[in-house]
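Colleague:
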Amino acid sequence: MQRHNIEEMSVFPIINLRPAVTEFLKSVFLNTEVLAAVGHQEAECRFQKLLSCLSHPPSYTCVRASTHLAPLEEIRHKLGEELKKQQMCSSSADEEISVQILTHPTIPDVLLLPVDGPRPVKQLSSEVVVGAQCGSAVLRGAHVFAPGIIASPKYMKAGDVVSIFSDLEGKCTRGATSFQGKKVFVGNGVAQMDRSAIFCADEPAKGIGVRMVEPLYQSPSFDGVLPSLAFLQNLPSVVVGHVLGPRPGERILDMCAAPGGKTCHIAALMEDQGEVVALERIRNKIDRIRQNAQMLHLRSIKAFCFNSTQAVSCDPVQESEGPPFPPESFDRVLLDAPCSGLGQRPNMSSTWSLKEICSYPPLQRKLFHAAVRLLKKGGVLVYSTCTVTLAENEELVAWALNTFPCLTLQPQEPHIGAEGMLGAGLSPEQLRLLQRFSPELSWDQTGAAAPLPCRADRDTIGFFIAKFLKN
Ligand code: SAM
Numbered sequence: 092m093q094r095h096n097i098e099e100m101s102v103f104p105i106i107n108l109r110p111a112v113t114e115f116l117k118s119v120f121l122n123t124e125v126l127a128a129v130g131h132q133e134a135e136c137r138f139q140k141l142l143s144c145l146s147h148p149p150s151y152t153c154v155r156a157s158t159h160l161a162p163l164e165e166i167r168h169k170l171g172e173e174l175k176k177q178q179m180c181s182s183s184a185d186e187e188i189s190v191q192i193l194t195h196p197t198i199p200d201v202l203l204l205p206v207d208g209p210r211p212v213k214q215l216s217s218e219v220v221v222g223a224q225c226g227s228a229v230l231r232g233a234h235v236f237a238p239g240i241i242a243s244p245k246y247m248k249a250g251d252v253v254s255i256f257s258d259l260e261g262k263c264t265r266g267a268t269s270f271q272g273k274k275v276f277v278g279n280g281v282a283q284m285d286r287s288a289i290f291c292a293d294e295p296a297k298g299i300g301v302r303m304v305e306p307l308y309q310s311p312s313f314d315g316v317l318p319s320l321a322f323l324q325n326l327p328s329v330v331v332g333h334v335l336g337p338r339p340g341e342r343i344l345d346m347c348a349a350p351g352g353k354t355c356h357i358a359a360l361m362e363d364q365g366e367v368v369a370l371e372r373i374r375n376k377i378d379r380i381r382q383n384a385q386m387l388h389l390r391s392i393k394a395f396c397f398n399s400t401q402a403v404s405c406d407p408v409q410e411s412e413g414p415p416f417p418p419e420s421f422d423r424v425l426l427d428a429p430c431s432g433l434g435q436r437p438n439m440s441s442t443w444s445l446k447e448i449c450s451y452p453p454l455q456r457k458l459f460h461a462a463v464r465l466l467k468k469g470g471v472l473v474y475s476t477c478t479v480t481l482a483e484n485e486e487l488v489a490w491a492l493n494t495f496p497c498l499t500l501q502p503q504e505p506h507i508g509a510e511g512m513l514g515a516g517l518s519p520e521q522l523r524l525l526q527r528f529s530p531e532l533s534w535d536q537t538g539a540a541a542p543l544p545c546r547a548d549r550d551t552i553g554f555f556i557a558k559f560l561k562n
């Protein structure tokens, strides 16, 4: 397996952000508390590493195993067999097939598959341009699905070998035959359909448009692989379920639930006994929660389309199956908040304005108010985001501790990420209780990658978790 190093990473661009957003992030990572603790040079270096890490995929694919349905070793074995079959179909007869699947040293339902990259792949003259979201999916092992294709060579036929480029700024015109704007090479593949089937058919094209044969980052495609036993989920998201610590028979609220990865994990940890209420404001995302629950054979999940800021009933005694709920209805509450998402990887480009990024804390505070009211006394509240700003993470925690004297921070189990970041006025003890996944810290002072398995714990998406007890 090839591992990233700083030189290899530099062949790939750092995340493309609006200048005002880069300046804002820099002010967060070089705040006065950080500067006083580590000095200007180290703080600047960490910030640059963060920008670089964000545009690359993590060096592992994380799979959550359905240990409520089968033992971990059995799932690992079956997954190995399935992925071998997949590789045999796409490689030549004399190539040796090996699939490495590691268990995690402390998390009992996690399997890790090393990602090989960036690999030296030669660019071809035939170019297919895909949207940034599709490009990011390719970097994490997906094939190119037809709806993601924006431009292709004029005479592209099924069977042609093409290079795939990701359109960084969303400026390529649909149906174009070439594109000179900002784009990044993500690998080579074989077209599965003619250009006319993609752009000129009466119905929008579906299915795989280009099958990747030489991706820049090699990791297995999980499309249809053991759907009920192997669920693709980022490592910090799996940690959230364990930190919440649900027990069989409890009543749990997941306030911002779609597509339901954490909802399903909570139900699985409860052995599907009890009730997991999943709320989601956007109606067409509810089906994804239900589909995931069905695929993982989980019956304790009840999903509702509802705005969670209004989930507390005015009538404190009215019992109901669906929202709104009387105060103190739940044993545990997960607030996996809508956020600026700046920790997502790979993210080669974001067109978000500073105003959009700064719009989240007021919504997060509203949701937090509802979460505290809906939680029983003695209950656990977990707050999480997939972003790296202070305002949505440590500052939100500082605000919560000031606003709700009934809340205390709790230790987290497992705690495999770093502690909270300086800059929000929290004490060292409070920071130690927080869990911040900071991919930029997966590089040591010399620029070398940390050894296994610590790297898998640090080389994740940017993520934040806080755990509270309501007294
Ligand atoms: N917990 C999910 C998982 O692990 O699959 C991911 C949740 S995502 C970070 C946040 C979700 O909150 C989005 O699907 C968004 O539509 C939803 N959302 C945003 N505002 C909401 C609100 N006021 N009430 C309920 N859901 C909301």
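The sequence shown begins at 92 in the numbering used here and counts up by one.
Backbone N, C-alpha and C define an ideal beta-carbon position, used for all residues, glycine too.
1) Under 9 Å between the Cβ atoms of P418 and R464?
2) Quick check on the burial criterion: 16 or more other C-beta atoms within 10 angstroms. Buried or exposed for P311?
3) Buried or exposed: E218, going by 16 or more other Cβ atoms within 10 Å of its Cβ?
4) For P238 and F495, I'd like the C-alpha separation in whole angstroms.
5) For V479, which three-state DSSP category applies?
6) Can you list, in chain order, the residues of its chain with a C-beta nearer than 7 Å to that of D422? Leave out the 5 residues immediately preceding and following it.
7) Starting from the Cα of S529, find the closest Cα among H131, H234 and C477 and give me that residue.
8) Please identify the residue among C347, L317, A156 and E362 whose C-alpha is closest to the C-alpha of G336.
9) Which whole-angstrom value is the C-beta distance of A83 and L498, which I expect to be below 8 Å?
10) Can you grab the Cα-Cα spacing for the pair R381 / L126, in whole Å?
11) If you count every other CB in all the chains shown that lies within 10 Å of the CB of D258, and 16 or more means buried, which is it?
12) Count the other CB atoms, across all protein chains shown, that sit within 10 Å of the CB of Q536; report buried if there are 16 or more and exposed otherwise.
13) So what's P306 in DSSP terms, helix, strand or just coil?
14) Measuring only the C-alpha atoms, how far is R379 from G351?
15) Mind reading off the beta-carbon distance from L307 to G208? Whole number of angstroms is fine, and I expect it under 8 Å.
16) What number of angstroms, rounded off, separates the C-alpha of V235 from the C-alpha of V220?
17) Give me the DSSP bridge partner(s) of N279.
18) Please report how far the alpha carbon of K561 lies from the alpha carbon of Q503, in whole angstroms.
19) Leaving out the 5 sequence neighbours to the left and right, which residues in its chain are closer than 7 Å to S328 when beta-carbon positions are compared?
20) Have a look at the DSSP bridge pairing and note the partners of R155.
21) Given 8 Å as the limit, tell me if N41 has its C-beta closer than that to any heavy atom belonging to the ligand SAM.
22) How many angstroms separate the CA atom of V190 from the CA atom of L174?
23) Can you determine whether any heavy atom of the ligand ADP sits closer than 8 Å to the C-beta of P415, and answer yes or no?
24) From this set, S444, G298, K117 and V488, which residue's C-alpha is nearest P452's C-alpha?
25) Could you round the C-beta distance between A161 and L320 to whole angstroms and report it? I think they count as a contact, below 8 Å.
26) Just to check my reading of the structure: I556 and V334 have Cβ atoms closer than 8 Å, yes? What is that Cβ distance to the nearest angstrom?
27) Kindly indicate which residue of V212, K213, L215 and I241 has the alpha-carbon position closest to the one of C225.
28) Go to D345, then tell me how far its beta strand (DSSP E) extends in each direction, as first and last residue.
29) Considering only the alpha carbon of each residue, which of E305, Q521, L517 and T442 lies closest to K262?
30) How far does the alpha helix (DSSP H) with L517 in it reach, from first residue to last?
31) Using only alpha-carbon positions, find the residue among L525, P429 and N493 that is nearest to I507.
32) Any idea if Q324 is buried or exposed, counting beta-carbon neighbours within 10 angstroms, 16 or more meaning buried?
33) Under three-state DSSP, which class holds V190?
34) Does the beta-carbon of P295 have 16 or more other beta-carbons within 10 angstroms, so that it is buried, or is it exposed?
35) So L472 and F559 are supposed to be a Cβ contact under 8 Å. How far apart are they, rounded?
36) Do T400 and L445 have their C-beta atoms closer together than 9 Å?
Modeller: By the coordinates alone:
1) Numbered from its first residue, the sequence shown carries residue 418 at position 327. Numbered from its first residue, the sequence shown carries residue 464 at position 373. The answer is yes: Cβ separation under 9 Å.
2) Position 220 of the sequence shown, counted from the first residue, corresponds to residue 311. Buried, by the Cβ-count rule.
3) Position 127 of the sequence shown, counted from the start, is the residue given in the question as residue 218. Looking at its Cβ environment, which holds 16 or more other Cβ atoms inside 10 Å, E218 is buried.
4) Within the sequence shown, numbered from 1, the residue matching residue 238 stands at position 147. Within the sequence shown, numbered from 1, the residue matching residue 495 stands at position 404. One alpha carbon belongs to P238, the other to F495, and they sit about 47 Å apart.
5) As a working mapping, residue 479 is identified with position 388 in the sequence shown. In this structure, V479 counts as coil in the three-state DSSP scheme.
6) Along the sequence shown, read from residue 1 onward, the residue named residue 422 stands at position 331. Cβ contact annotation for D422 (same chain, cutoff 7 Å, sequence separation greater than five): E341, R342, I343, K467 and G470, in chain order.
7) Within the sequence shown, the letter at position 438 stands for residue 529. Per the Cα distances, C477.
8) Locating residue 336 in the sequence shown gives position 245, counting from the first residue. Residue E362 is the option with its Cα nearest to G336.
9) Any question about residue 83 goes unanswered here, given that the chain covers just 92 to 562.
10) Position 290 of the sequence shown holds residue 381. Position 35 of the sequence shown holds residue 126. Whole-angstrom Cα-Cα distance: 47 Å.
11) What you label residue 258 is simply residue 167 of the sequence shown in a count that begins at 1. Its Cβ being crowded by 16 or more others within 10 Å, D258 is buried.
12) For the purposes of this step, residue 536 is taken as residue 445 along the sequence shown, with counting starting at 1. Any reading at Q536 must be qualified, since the residue scores a pLDDT of 46, below 50, and its modelled position is unreliable; no value is offered.
13) As a first step, residue 306 is located in the sequence shown; it is residue number 215 there, counting from the start. Reduced to three states, the DSSP call for P306 is strand.
14) For this step, residue 379 is matched to residue 288 along the sequence shown. For this step, residue 351 is matched to residue 260 along the sequence shown. Roughly 7 Å between the two C-alpha positions.
15) Mapped onto the sequence shown, residue 307 falls at position 216. Mapped onto the sequence shown, residue 208 falls at position 117. Sure, about 6 Å apart at Cβ, within 8 Å.
16) For the purposes of this step, residue 235 is taken as the residue at position 144 of the sequence shown. For the purposes of this step, residue 220 is taken as the residue at position 129 of the sequence shown. When rounded, the distance between both Cα atoms is 10 Å.
17) One-based indexing of the sequence shown puts residue 279 at position 188. According to DSSP, which records beta bridges pairwise, N279 is partnered with S254 and E305.
18) The count along the sequence shown starts at 1 and reaches residue 561 at position 470. The count along the sequence shown starts at 1 and reaches residue 503 at position 412. So the alpha carbons of these two residues sit roughly 15 Å apart.
19) Here residue 328 corresponds to residue number 237 of the sequence shown, with the count starting at 1. Cβ neighbours of S328 beyond the five flanking positions: G352 and K353.
20) For the purposes of this step, residue 155 is taken as the residue at position 64 of the sequence shown. In the DSSP output, where bridge partners are listed per residue, R155 has V201 and F322.
21) This structure gives no information on residue 41, because the portion of the chain shown stretches from 92 to 562.
22) Working through the sequence shown from its first residue, we reach residue 190 at position 99. Working through the sequence shown from its first residue, we reach residue 174 at position 83. Roughly 7 Å between the two C-alpha positions.
23) Questions concerning the ligand ADP fall outside what the structure shown contains, since the ligands it does hold are the ligand SAM.
24) Position 361 of the sequence shown, counted from the first residue, corresponds to residue 452. Selected option, being the one with the closest Cα: V488.
25) Position 70 of the sequence shown, counted from the first residue, corresponds to residue 161. Position 229 of the sequence shown, counted from the first residue, corresponds to residue 320. With 8 Å as the limit, A161 and L320 qualify as a contact, their Cβ atoms being about 6 Å apart.
26) On the sequence shown, position 465 is the one that residue 556 refers to. On the sequence shown, position 243 is the one that residue 334 refers to. Between V334 and I556 the Cβ distance is about 6 Å, and since that is below 8 Å, they are a contact.
27) As a first step, residue 225 must be located in the sequence shown, where it is residue number 134. The candidate whose alpha carbon is nearest that of C225 is I241.
28) By one-based count along the sequence shown, residue 345 stands at place 254. From DSSP, the beta strand (DSSP E) with D345 extends over R342 to D345.
29) Reading the sequence shown from its first residue, position 171 is the one you call residue 262. With distances taken between Cα atoms, K262 lies closest to T442.
30) Within the sequence shown, numbered from 1, the residue matching residue 517 stands at position 426. L517 -> no alpha helix (DSSP H), and no H or E assigned at all.
31) The count along the sequence shown starts at 1 and reaches residue 507 at position 416. Checking every option, the nearest Cα to that of I507 belongs to L525.
32) To locate residue 324, count along the sequence shown from 1; it is residue 233. Buried is the call here.
33) Counting from one through the sequence shown, the residue named residue 190 turns up at place 99. Here V190 sits in coil by DSSP.
34) Against the sequence shown, residue 295 aligns to sequence position 204. Exposed, since its Cβ has fewer than 16 Cβ neighbours within 10 Å.
35) Indexing the sequence shown from 1 puts residue 472 at position 381. Indexing the sequence shown from 1 puts residue 559 at position 468. Rounded, the Cβ-Cβ distance is 4 Å, consistent with contact.
36) Taking the sequence shown and counting its residues from 1, one reaches residue 400 at position 309. Taking the sequence shown and counting its residues from 1, one reaches residue 445 at position 354. Going by C-beta atoms, T400 is not nearer than 9 Å to L445.
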